[in-house]
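Residue numbers (numbering that gives the first Met the number 0): 0 to 777.
Accompanying notes for the structure given below.
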Amino acid sequence: MDRRPATVPPLATVYGYPRQGPRRELKKAIEGYWAGRHTAETLHTTAAELRRDTWRTLTEAGIDEVPTGDFSLYDHVLDTAVMVGAIPARHRAACDTDRLDGYFAMARGTQDAPPLEMTKWFDTNYHYLVPELGPDTIFTADSAKQLAEFREATALGYTARPVLVGPVTFLLLAKPADGAPADFQPLTLLDRLLPVYAEVLADLRAAGAEWVQLDEPALAQDQPPAVLSALRRTYGDLGILADRPRLLVASYFDRLGDALPVLAQTPVDGLAMDFTGPAAANLDALAAVGGLPGKRLVAGVVDGRNVWLSDLGKALATLATLLGLADRVDVAPSCSLLHVPLDATAERDLDPQVARWLAFARQKTDEVATLARGLAEGVDAIAPQLAANRAALASRTASALTHDPAVRARCTAVADRDTRRPQPYAERAVAQQARLGLPDLPTTTIGSFPQTPELRTARADLRTGRIDQAAYEERIAAEIRDTVTFQEKAGLDVLVHGEPERNDMVQYFAEQLTGYLATRHGWVQSYGTRYVRPPILAGDVSRTEPMTLRWTGYAQSLTGRPVKGMLTGPVTMLAWSFVRDDQPLADTARQVALALRDEVGDLESAGTAVIQVDEPALRETLPLRTADRSGYLAWATEAFRLATSGVRADTQIHTHMCYAEFGDILAAIEELDADVISLEAARSGMRIADELAAAGYPREVGPGVYDIHSPRIPAEDELADLIARAVRAVPGRRLWINPDCGLKTRGWQEVRPALERMAEAARRARGDLPGASAEAVG
Ligand code: GLN
Ligand code: ZN
């Protein structure tokens with residue numbers, strides 16, 4: 000193929016852009032279509048308008064090459080499954096009848112056919128639909144969506160680069176289809192898949208695409224030799240196709256590691272690499288392999304995942320180094336901008352002094368364009384931008400929001416003894432039993448009770464001023480009364496207040512802590528038409544007053560049984576927010592932990608004997624590269640202990656995590672030193688209880704016996720069976736009986752009978768325990 004001369008000026012590009020539109024038009028259009036409020040044509044028109052607006056915005060901002068195919072009506076992995084004809088058998092008829100309805104059927108399920116499973120896209124909070132593949136899968140190329148969007152962009156006059164999920168990542172993200180052997184490895188289908196990709200590439204070439212981008216973020220994870228050789232074969236084969244566009248292989252979210260030398264040797268025409276965060280190590284690695292002679296390098300030097308202004312000077316220095324390592328260097332964000340909100344200038348309620356530190360998708364686009372220009376024309380050409388950037392960065396460093404001397408002093412003063420409970424577990428267990436007097440197999444819940452439509456209405460009414468604070472609080476108090484009464488009647492042992500006042504377990508605390516900002520329009524896609532507005536952790540964190548005492552105390556005043564205090568742990572407070580990039584995560588976690596420690600202390604002083612600190616995000620924030628995990632787990636578990644270890648021996652600390660596969664963090668769970676941990680276990684048939692037993696876990700555990708993800712009310716014998724299995728794994732003294740997770744998404748009509756049955760099943764099981772006395776059956 001002909002090569003561009005080395006003098007090609009650096010281009011600015013992006014790999015993907017938020018799909019929703021400035022007023023979440025896409026969500027409205029799709030949901031309107033689902034509700035039958037408008038036609039498929041209306042939906043397609045809205046979608047095309049949004050794509051057009053995005054390309055215009057990008058081009059006006061100075062982006063030279065715009066992406067196509069990144070847009071999606073639901074999810075880009077599902078789009079890829081459609082592109083290669085990987086339609087699960089149960090959805091084929093629907094897809095044949097109507098393309099669009101079949102697509103949404105795969106995403107959302109129908110009465111007769113469940114949807115594809117959904118899971119997290121690497122370590123982001125975006126969820127993709129898991130392709131289902133088996134030995135019988137026949138791939139067929141369907142380039143329609145890619146071609147249509149590419150043609151749309153070129154017809155409008157844009158230079159466009161189609162973006163596809165690469166074949167290796169696609170296969171690695173898939174799972175065995177129904178009926179396939181459980182150990183089926185989708186990667187074995189590579190030879191069948193590559194001709195289909197070749198066909199799509201040829202179609203795009205025929206439509207005029209000069210470059211096509213293939214995204215392979217799976218390469219940012221540790222991969223075994225089999226994957227690396229699949230990678231070599233993939234791009235060896237695609238690279239020598241006669242009639243093809245130029246291929247740009249993109250990776251992001253972490254460094255390329257062993258995949259870099261492999262990719263560098265393949266006959267692809269360019270690599271798009273991440274040079275931010277832990278992927279900054281790509282810089283030295285690239286030099287070590289001798290650069291990318293003859294290839295194009297797209298340098299991801301603007302962090303595509305955080306919400307902060309880049310350090311343009313630093314990015315320019317990285318780019319200057321890279322110029323010596325490839326034939327041509329272009330500038331981009333590190334990954335698709337899908338994971339950040341659209342436009343920081345829409346946040347008019349934020350203090351302008353703080354708002355100037357923010358860069359959402361629109362601002363990151365400007366940064367990329369500025370850097371490309373600086374690279375092409377020299378730094379003088381962008382002197383004003385560099386000066387403004389330096390000033391904004393300096394104001395961030397100097398701000399009282401980011402540097403609160405009291406918080407800093409307290410963090411520095413943390414000593415090892417502050418992160419360890421003074422008494423060993425055995426001693427604590429005796430003191431807690433003496434104080435709480437719980438039976439064997441004590442029953443409890445994970446915290447939340449149904450968030451009823453009435454509660455949501457009350458919150459909305461408070462926001463719009465239809466009711467005042469006092470009326471709202473009376474509504475919450477009434478809900479707590481009902482919840483406590485119900486739990487007492489059902490015979491639960493450790494009660495909760497039910498969290499009716501919390502719309503979200505992170506936001507509730509973020510709103511009360513200093514250092515956190517809330518946005519008005521900062522929506523990011525979580526999955527499909529579901530968007531979330533994560534808080535922004537911008538500054539030093541402290542607690543100005545107690546956050547949970549009031550409602551916990553109120554609930555306790557209504558009952559003689561212990562009421563659990565309920566807090567969100569430091570790791571989860573970070574994981575579900577945008578976090579600051581101007582200090583190590585460990586430091587931010589420590590600040591949050593200290594604020595929580597104060598809350599834990601206040602709860603204890605107010606008489607709360609059981610305090611739960613939830614860490615559902617502990618595992619999902621694990622670094623992609625194994626080498627980084629022990630460092631992460633060390634600070635993560637330390638932050639949890641810092642939050643929880645300031646209590647007396649007879650105060651019982653609980654934690655909760657909602658996933659059943661935690662084999663890889665077993666040691667970390669032990670390191671939390673929580674007295675009691677509740678976990679999801681119902682759907683995996685108590686496997687977790689066996690794993691814990693096998694690992695010799697010494698403390699108390701509550702493997703969930705009631706799958707709260709399903710509207711089904713568990714049958715009594717099902718509950719009894721799960722309890723019996725748990726009892727076989729964990730001695731009755733150390734076993735708790737609880738649901739898998741919080742009940743906020745369920746309705747009372749399901750929760751009432753389910754918990755009554757659970758409590759009853761626990762009472763019966765107590766009687767069957769070895770050495771059970773009539774008293775213990777109580
Ligand atoms: N206490 C929270 C609740 O019950 C825990 C939620 C979670 O684990 N995600 O809702
Ligand atoms: Zn949970």
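Each residue gets a CB set at the ideal place from its N, CA and C atoms; glycine is no exception.
Apart from the five residues on each side of it in sequence, which residues of its chain come closer than 7 Å, Cβ to Cβ, to residue i?
i: residue 746; result: 449
i: residue 90; result: 101, 104, 105, 112
i: residue 518; result: 340, 346, 532, 535
i: residue 334; result: 14, 251, 252, 273, 299, 303, 304
i: residue 314; result: 300, 301, 370
i: residue 358; result: 306, 307, 308, 309, 343, 366
i: residue 578; result: 536, 584, 587
i: residue 179; result: 133, 134
Of the choices the options, whose alpha-carbon is the least far from that of residue i?
i: residue 671; options: 655, 639, 687, 395; result: 639
i: residue 169; options: 190, 208, 129, 204; result: 129
i: residue 238; options: 218, 390, 262, 223; result: 262
i: residue 117; options: 613, 573, 526; result: 526
i: residue 504; options: 276, 568, 73, 464; result: 568
i: residue 740; options: 750, 686, 93; result: 750
i: residue 440; options: 719, 83, 24, 72; result: 719
i: residue 428; options: 446, 73, 648; result: 648
i: residue 320; options: 281, 350, 352; result: 281
i: residue 707; options: 198, 205, 725, 753; result: 753
i: residue 373; options: 483, 9, 540, 765; result: 9
i: residue 382; options: 717, 646, 312; result: 312
i: residue 264; options: 288, 244, 473; result: 288
i: residue 674; options: 616, 713, 419, 601; result: 419
i: residue 689; options: 654, 730, 709; result: 730
Taking 7 Å as the cut-off, does the CB of residue i come closer than this to any heavy atom belonging to the ligand GLN?
i: residue 685; result: no
i: residue 525; result: no
i: residue 563; result: no
i: residue 749; result: no
i: residue 445; result: yes
i: residue 119; result: no
i: residue 598; result: no
i: residue 498; result: yes
i: residue 82; result: no
i: residue 417; result: no
For residue i, collect the residues of the same chain with a Cβ closer than 6 Å to its Cβ; drop the 5 residues on either side in sequence, then sort them by chain order.
i: residue 466; result: 460
i: residue 520; result: 345
Would you decide whether residue i is buried or exposed? Buried here means 16 or more other CB atoms lie within 10 Å of its CB.
i: residue 33; result: exposed
i: residue 462; result: exposed
i: residue 556; result: exposed
i: residue 148; result: buried
i: residue 20; result: buried
i: residue 644; result: buried
i: residue 744; result: exposed
i: residue 447; result: buried
i: residue 660; result: exposed
i: residue 36; result: exposed
i: residue 137; result: exposed
i: residue 566; result: buried
i: residue 458; result: buried
In this structure, does DSSP put residue i in helix, strand or coil?
i: residue 210; result: strand
i: residue 652; result: strand
i: residue 535; result: strand
i: residue 743; result: coil
i: residue 447; result: strand
i: residue 295; result: strand
i: residue 404; result: helix
i: residue 768; result: coil
i: residue 614; result: coil
i: residue 220; result: coil
i: residue 468; result: helix
i: residue 677; result: strand
With a threshold of 7 Å, establish whether the CB of residue i neighbours any heavy atom of the ligand ZN.
i: residue 655; result: yes
i: residue 740; result: yes
i: residue 449; result: no
i: residue 858; result: The structure shown does not extend to residue 858, since the chain is modelled only from 0 through 777, so no value can be given for it.
For residue i, which residues of its own chain have a beta-carbon under 8 Å away from its beta-carbon, when the five flanking residues on both sides are left out?
i: residue 355; result: 308, 391, 394
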